[in-house]
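Participant: Input: one structure, supplied below.
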Amino acid sequence: MMDKQELIKKYGKSLQAREKIAEDKGYTIQKEPAWVVRINEKLYFCRFTDKYFKENPDEPTYSESGNPELVKKFTDKAKAEAVATLIEGTVEDWSE
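59 is the number of the first residue of the sequence shown in the numbering used here; add one for each residue after it.
Here it is, written out as structure tokens:
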């Protein structure tokens, strides 16, 4: 079994390394629940922007992406639901 320093050297100082260390010590990792807002088949909400469009001044502007690293993960489902309401999206459970 590798010690903590060997694991960090091998896996880097990342969440994955901490999880690997915990697993090697026999701990179970419980991930915090997270939700995302789906916009359509391929895209998810990332963040609101400060852009303004004359045609639709009341519509919120936001960035969207299909890249999981850029997608906004909410730890509060109520906040995800509020954003989904504003942008007419849907809330989904997220697991990495």
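Idealized CB from N, CA, C, for every residue including glycine. Remember, predicted model here, so these are calculated numbers, not experimental data.
Under 7 Å, do Gly147 and Arg105 count as touching if we go by C-beta distance?
Facilitator: Against a cut-off of 7 Å, the Cβ pair of Arg105 and Gly147 comes out as no contact.
Participant: Sorted by chain position, which residues of the same chain lie with C-beta nearer than 6 Å to Lys135's C-beta, five sequence neighbours on each side aside?
Facilitator: These residues qualify, in order along the chain: Trp93.
Participant: Could you check which residue in Glu122, Trp152, Ala142 has the C-alpha nearest to that of Lys100?
Facilitator: The shortest C-alpha separation from Lys100 is found at Glu122.
Participant: For Glu113, collect the residues of the same chain with a Cβ closer than 8 Å to its Cβ; drop the 5 residues on either side in sequence, then sort them by chain order.
Facilitator: Nothing listed; no residue qualifies.
Participant: Any idea if Ala138 is buried or exposed, counting beta-carbon neighbours within 10 angstroms, 16 or more meaning buried?
Facilitator: Buried is the call here.
Participant: If we ignore side chains and look at the alpha-carbon of each, how far apart do Phe111 and Val141 end up?
Facilitator: Taking the straight line from one Cα to the other gives about 19 Å.
Participant: Quick check on Tyr85: buried or exposed, where buried means 16 or more other Cβ atoms within 10 Å of its Cβ?
Facilitator: Exposed, since its Cβ has fewer than 16 Cβ neighbours within 10 Å.
Participant: Output needed for Tyr120: all residues of its chain with C-beta closer than 8 Å, excluding positions within five of it in sequence on either side, in chain order.
Facilitator: Around Tyr120: Phe103, Cys104, Arg105, Phe106, Thr107, Ile145.
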